[in-house]
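A.B. asks: Supplied in structure tokens, the structure appears directly below.
Residue numbers (my numbering), protein chains in the order written: chain A, 61 to 488; chain B, 61 to 488.
Here you go:
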């Protein structure tokens, strides 16, 4: 196919006309498809149904140390869950707190605590005139929602294939004391699928923040969420790297089993330095007597150990890999060589990031919606929902059945072609 | 027995001598007993083991409306859990949010949200020079810990057999705009076992707070936690009463199944007006995608309905009633008529509240501890752990096996006698 930008006005007009007829056929189908959220599909959830059988009324619900998981207590989580999630996160169990069902909740609470009480004795953020966060873009809308909710000013930093633009991160963090944090999804990033290069992690660990209470919010949501056996990304472990660099307290690392077992009923965890843990525990003891230990025990009994979890993740991969590949194939077949969009081909995670011609994303998403296909809102991957280029669209292939997904992807490419052709026409 | 205050110096000295010998025998036993926390005992936890069997890998984990409980979503909880906990709380399901495993966490988050964002558009409390809470005393230490943590000034208000001193509550709330809340355990209160009289609830609902964002924190932790079939307390439902009084938004009502199923793994709930719910949901959507719906479903399937839950609570009562009665009997046998202490005889809840002669509580608890019996710290039932009379001690009879409990109660009465006799001697 020819590049759209090289087409004449007449060619583009003819193209729009024929594509629009095709679009009308889709509209007549009354579709109701959803590629908007990074949700596991039913078959993935079924993989963990065995978890419903590991604790029965005949089982002893005690931990290895004798703690009765049914009763109150054990604020930081049961030891065997710390071991399991420690192995998952590549951190020592002593550096871990096990929480409830949502790592987003842990991140929210971490920001909330910094707002009202400050970090390790520093001024509470709510007492400061200005607090800012760096937000690598495109990024995760729910991260940005937390900082927006707390009135924290968000500064976008561009991502490339190695991670955030570290020249920019270093420049900003070292020069502005009001910059207190940065949101990172370091592996199979939401939405780009990028895994931070060794150099990027090295430079993160060696940051010299102007703010002594600057923290890296390292959301390792997809640490073991590979799509392939033979093409897996590795990233440098950030806690160890920060410690080596003399910045042991600079990072909060988050993870959960939300996309390993059940998104609504997993367990979340935080890994950080002992100093940070002490700071956090001094707050946490006022917030709760403890999280759901029975569910922690259920996870441990189900997986046994990290090898069990790894094998489990291969089954997830087997279900969702064909979905990623189907979308990538349709994108390639329909848009390859046209010069109107680019997309990522991740080795793991939950998303494909699509970058259209500038000024087209909103209209593409809108056209999809009108034909019954829900995409993540254009702009969602930027702070304040404002993508200055209006070009990034997050594609979430995991949830729909594969036939629905293919149909949705076909429609998506069709809408992309129409919107971009019209855009080019409008510029002639 | 004669009243200690009527004894001569010689009689008291002889008494202290013989009691001290008895105390020494207890010390030699190397006891390790715990009457400090309101924890269910093993037999109580065993009552809910059937909950481990209601969801298996053969079951459909969908709600009545088809929602797959395993996946993300349903921020405010599944409908059937709202119905069940609504029946438990005597509130309409539409007025309820179902949370995670801890109502304390919900209360903490409620205060935290008011601190950073204010209530229904009012100034965030962290922006005010002074925020105060009323704290009926004796009360629940974990309530007081939350307000202390947020730097909220706590003002004690005396409890009597009908609830808090409402003259004082009305006077303070109507005159001081910095008073933003009051901690209440309205039924089988922690620690007094008091249930608020109809008049007290009526007066609560008709408060005319100086602060428009004043809220009653109504922790109905023991709503269905009766000890007797034939002696049950009833309290007026506060949401309905506030609505009738033209104060529909004035109350947050909390509850959980912590002392119904498993303290570590129950479900918590909040009931409040639709205005408050909207305010809360606007925050909650930034904090989490949803709480553990599988555990909500597990509770619903286990109980079926409120009748199932009520029958379940009778089994709890059968286990703990003898423990309360054993402690009450030992208190009566050993301290009755001595004029050195009084105690409550609750119809439900988890505690007996003991009031010793003034200036003796710390020493009694300390003597118990030295002989291997852990009591709740004296002072814990007051804000800042400061009981100005040094007289209140919370007794928690549920957790220890009954023989241990009897031994602990015997020792407790012995220590009380020694400390009070010495106190009287020191005043001669």
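C-beta atoms are modelled at their ideal positions from N, C-alpha and C, and glycine is treated no differently.
Quick check on residue 499(A): buried or exposed, where buried means 16 or more other Cβ atoms within 10 Å of its Cβ?
C.D. replies: Nothing in the structure corresponds to residue 499(A), since chain A is present only between 61 and 488.
A.B. asks: Hey, is the segment 472–488 of chain A in contact with the segment 389–401 of chain A, meaning 3+ C-beta pairs nearer than 8 Å?
C.D. replies: yes
A.B. asks: Roughly how many whole angstroms lie between the Cα atoms of residue 171(A) and residue 192(A)?
C.D. replies: 12 Å
A.B. asks: Under 8 Å, Cβ to Cβ, is there at least one residue of chain A near residue 129(B)?
C.D. replies: yes
A.B. asks: Just to check my reading of the structure: residue 163(A) and residue 316(A) have Cβ atoms closer than 8 Å, yes? What is that Cβ distance to the nearest angstrom?
C.D. replies: 4 Å
A.B. asks: Examine chain B for any beta-carbon lying closer than 8 Å to the beta-carbon of residue 361(A), and answer yes or no.
C.D. replies: Contacts with chain B at 8 Å (Cβ-Cβ) do not include residue 361(A).
A.B. asks: Expressed to the nearest angstrom, what Euclidean distance is found between the alpha-carbon atoms of residue 133(B) and residue 476(A)?
C.D. replies: Approximately 30 Å, taken between the alpha carbons.
A.B. asks: Going along chain A in order, which residues have a C-beta closer than 8 Å to the C-beta of residue 323(B)?
C.D. replies: 130, 131, 132 and 349
A.B. asks: Thinking just about the alpha-carbon of each residue, which of 104(B), 465(B), 310(B) and 154(B) is nearest to the one in residue 242(B)?
C.D. replies: Out of 104(B), 465(B), 310(B) and 154(B), 310(B) has the C-alpha closest to the C-alpha of residue 242(B).
A.B. asks: Just the Cα atoms here: how many angstroms apart are residue 190(B) and residue 175(A)?
C.D. replies: 17 Å
A.B. asks: Less than 8 Å between C-beta atoms, sequence neighbours within five positions excluded: which residues of the same chain meet that for residue 378(A)?
C.D. replies: none
A.B. asks: Measuring only the C-alpha atoms, how far is residue 460(A) from residue 388(A)?
C.D. replies: Going from the Cα of residue 460(A) to the Cα of residue 388(A) covers about 15 Å.
A.B. asks: Give, in chain order, every residue of the segment 131–160 of chain B whose Cβ lies closer than 7 Å to some Cβ of chain A.
C.D. replies: 131, 132 and 160
A.B. asks: Give the range of the alpha helix (DSSP H) segment to which residue 422(A) is assigned.
C.D. replies: Per DSSP, the continuous alpha helix (DSSP H) segment holding residue 422(A) begins and ends at 421–430.
A.B. asks: Spell out a yes or no on whether the segment 411–418 of chain A and the segment 325–337 of chain A are touching, meaning 3 or more CB-CB pairs, one atom from each, closer than 8 Å.
C.D. replies: no
A.B. asks: Under 8 Å, with one C-beta from each stretch per pair, do the segment 108–124 of chain B and the segment 104–121 of chain A reach the 3-pair mark?
C.D. replies: With the cut-off at 8 Å, the segment 108–124 of chain B and the segment 104–121 of chain A touch.
A.B. asks: Given a limit of 8 Å on CB to CB distance, which residues of the segment 443–458 of chain A reach chain E?
C.D. replies: The displayed structure is made up of protein chains A and B, and chain E is not among them.
A.B. asks: At a Cβ cut of 9 Å, what residues of the segment 180–192 of chain A count as close to chain B, listed as they run along the chain?
C.D. replies: 184, 186 and 187
A.B. asks: Can you list, in chain order, the residues of its chain with a C-beta nearer than 8 Å to that of residue 184(A)? Leave out the 5 residues immediately preceding and following it.
C.D. replies: Cβ within range, chain order: 174, 175, 176, 177 and 178.
A.B. asks: Which residues mark the beginning and the end of the alpha helix (DSSP H) in which residue 492(B) is found?
C.D. replies: This structure cannot speak to residue 492(B), because chain B is shown only from 61 to 488.
A.B. asks: Residue range of the alpha helix (DSSP H) that residue 220(B) falls in?
C.D. replies: No alpha helix (DSSP H) contains residue 220(B), which is instead part of the beta strand (DSSP E) from 213–220.
A.B. asks: Can you tell me whether residue 173(A) is helix, strand or coil according to DSSP?
C.D. replies: Three-state result, residue 173(A): helix.
A.B. asks: Please list, in chain order, the chain B residues whose beta carbon lies closer than 7 Å to that of residue 176(A).
C.D. replies: 172, 175, 176, 186 and 210
A.B. asks: Determine the DSSP secondary structure at residue 417(B), reduced to helix, strand or coil.
C.D. replies: coil
A.B. asks: Which residues share a DSSP beta bridge with residue 122(B)?
C.D. replies: 128(B)
A.B. asks: Using DSSP with H/G/I as helix, E/B as strand and the rest coil, what is residue 97(B)?
C.D. replies: coil
A.B. asks: Round the Cβ separation of residue 360(A) and residue 140(A) to the nearest angstrom and send it over; I've been treating them as touching at under 8 Å.
C.D. replies: 5 Å
A.B. asks: Assuming residue 267(B) contacts residue 307(B) (C-beta within less than 8 Å), just tell me the rounded distance between them.
C.D. replies: 7 Å
A.B. asks: Less than 6 Å between C-beta atoms, sequence neighbours within five positions excluded: which residues of the same chain meet that for residue 95(A)?
C.D. replies: 435, 455, 456 and 468
A.B. asks: Which residues in the same chain as residue 275(B) place their Cβ atom closer than 6 Å to its Cβ, once the five residues preceding and following it in sequence are excluded?
C.D. replies: 241 and 312
A.B. asks: Where are the beta strand (DSSP E) runs, 3 residues long or more, that stay fully inside the segment 135–163 of chain A, in chain order?
C.D. replies: Complete beta strand (DSSP E) runs here, min 3: 156–158.
A.B. asks: Just checking, does the segment 345–360 of chain A make contact with the segment 242–258 of chain A on the three C-beta pairs under 8 Å criterion?
C.D. replies: no
A.B. asks: Could you pull out every residue in the same chain whose Cβ sits closer than 6 Å to the Cβ of residue 279(A), ignoring the five residues on either side in sequence?
C.D. replies: The answer, listed in chain order, is 245 and 314.
A.B. asks: Below 6 Å CB to CB, which residues in the same chain sit around residue 406(A) once its five sequence neighbours on both sides are set aside?
C.D. replies: Excluding residues within five positions, the ones whose Cβ falls inside 6 Å are 248 and 253.
A.B. asks: Taking Cβ to Cβ, would you say residue 353(B) is nearer than 8 Å to residue 138(B)?
C.D. replies: yes
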